[in-house]
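Chemist: 0 is the number of the first residue of the sequence shown in numbering that gives the first Met the number 0; add one for each residue after it. Before anything else, here's the structure in question.
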Amino acid sequence: MMHMDTKGEMGYSFGVVILNYCTYEITCNCVESYINNAEKNINVVIVDNGSPDLSGRKLAQKYSDNKNAHVIENHENVGFSKGMNIGLAYAKNELKCDFIIISNSDIELKTKNYLSKIEWAYEHYKFAVLGPYIDNLNDESNEKNPYLVETLTLDEKYKKTKRKLLIRKIRLLLAYIYLDSLWDLFLEMIRLIYESISVEYKEKRKISERRKEAEKNICQNTALHGSVFVLSPIYHNTFNGLLEVTFLYEEEWLLYNQCAQENLKMLYYPEIKVLHNGGGGNSLKKLYSQEHNRHICKLKQQNNSDKQILQYIANYRKNGID
């Protein structure tokens, strides 16, 4: 398949799509970090996902005089991929952006002149998707790049997802009866036993060490974390937005599998650095005041996403694609 570039005489144009849900101040900080660190104009598209706190209306008022800021207000929360696709279509079709950054609202740019770095990486690597170095406020967070350092086949993903779904069902049952701590105790006991006898555990540790080492260097053909990534003209000329399979979660694997099937390059590029402030929990905190309720909500949504991924893979196989 031939992938055509869209560079014109005036050079590439850039946009960023930011999804807001009840995070007005966090979203404002995110917008300012993209604008202040850019060396030329960048269009910012804020998609409000039906925020009940009317933060979408406040954002529209705040940026009403900024010709490079565009606020789209959805009437309901349509989820991550569908919400992003609304902004993505606007940035691509109305604003004619060549490169479009997909960003959580809790991302903060830490690199000056990042647009030139994106251009350089594209000219040298011809990537479809680029992911930056992600620093987390939570040092223990796994929400980093590269998201995978080993390949993951459809069969492996299917088996892994089935295991996760079973485990989360048990965790959800324990959470309903306020016995979450039993699960943590059980995991710690299993971990101690597992570490002492398992060859597989030692291999997983090696993978973890390789991932830490991979953080330091440019890495091609790897999966990237979904909190922030850049879509290039190659991606836009191949796909019409993101796959809308899940409401939340698993967008990393869907994007990885989508690009792998078309032999498109995913590039981890640590020359661009961002800070991930919230780890994905800010919206849930607005919805649920109690930690226990947030925990149950997250498990439910993860279970739903696991089921949708299993169905997606089953349909994929049924259609004769492997």
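Cβ atoms here follow ideal geometry from the backbone N, Cα and C, with glycine treated the same way.
#1: What is the rounded straight-line gap between the Cα of Tyr121 and the Cα of Asp97?
#2: Extract the residue ranges of the alpha helix (DSSP H) inside the segment 66-92, only unbroken runs of 4 or more that lie entirely within it.
#3: List the residues that DSSP assigns as beta-bridge partners of Pro131.
#4: Which of helix, strand or coil does DSSP assign to Gly55?
#5: Note down, in chain order, each residue of its chain lying with its Cβ closer than 7 Å to the Cβ of Tyr20, except the 5 sequence neighbours on either side.
#6: Just reading off the beta strand (DSSP E) that Val229 is part of, what are its end residues?
#7: Quick one: measure Cβ to Cβ for Phe228 and Leu147, integer angstroms, because I've assumed they're closer than 8 Å.
#8: Is it right to say Asp64 is buried, meaning 16 or more other beta carbons lie within 10 angstroms of its own, or is it exposed?
#9: Would you kindly work out how many angstroms separate the C-alpha atoms of Glu118 and Lys272, rounded to a whole number?
#10: Taking C-alpha atoms, which residue in Trp252, Leu242, Lys306, Glu290 lies nearest to Gly78?
#11: Mind checking which residues open and close the alpha helix (DSSP H) that includes Ser304?
#12: How is the alpha helix (DSSP H) around Val244 delimited, first residue to last?
#13: Closest to Asn42 by C-alpha separation, out of His69, Leu266, Gly10, would be which residue?
#14: Given a cut-off of 8 Å, decide if Asp179 and His294 are closer than it, judged by their beta-carbon atoms.
Modeler: Reading it off the structure:
#1: Against the sequence shown, residue 121 aligns to sequence position 122. Against the sequence shown, residue 97 aligns to sequence position 98. Those two C-alpha atoms are separated by around 11 Å.
#2: 79-88
#3: Within the sequence shown, the letter at position 132 stands for residue 131. Answer by DSSP bridge pairing, in chain order: Tyr268.
#4: Sequence index remark: in the sequence shown, residue 55 carries index 56 (1-based). Three-state result, Gly55: helix.
#5: Walking along the sequence shown from the start, residue 20 turns up at place 21. Same-chain partners within the cutoff: Asn48, Ser50, Asn76, Ser282.
#6: Reading the sequence shown from its first residue, position 230 is the one you call residue 229. 227-230 is the span of the beta strand (DSSP E), which, as asked, contains Val229.
#7: To locate residue 228, count along the sequence shown from 1; it is residue 229. To locate residue 147, count along the sequence shown from 1; it is residue 148. At roughly 14 Å, the Cβ-Cβ gap does not stay under 8 Å, so Phe228 and Leu147 are not in contact.
#8: If you number the sequence shown from 1, residue 64 lands on position 65. Exposed, by the Cβ-count rule.
#9: Here residue 118 refers to the residue found at position 119 of the sequence shown. Here residue 272 refers to the residue found at position 273 of the sequence shown. Computed Cα separation, rounded: 15 Å.
#10: Start at 1 with the first residue of the sequence shown, and residue 78 comes out as number 79. Gly78 has its Cα closest to that of Leu242, out of Trp252, Leu242, Lys306, Glu290.
#11: As a working mapping, residue 304 is identified with position 305 in the sequence shown. Looking at the DSSP string, the run of the alpha helix (DSSP H) that includes Ser304 is 290-317.
#12: For the purposes of this step, residue 244 is identified with residue 245 of the sequence shown, where counting begins at 1. Note, Val244: premise wrong, no alpha helix (DSSP H); not H, not E.
#13: On the sequence shown, residue 42 is found 43 positions in, with the first residue counted as 1. For Asn42, the nearest C-alpha among the options comes from His69.
#14: Reading the sequence shown from its first residue, position 295 is the one you call residue 294. Reading the sequence shown from its first residue, position 180 is the one you call residue 179. Cβ atoms of His294 and Asp179: closer than 8 Å.
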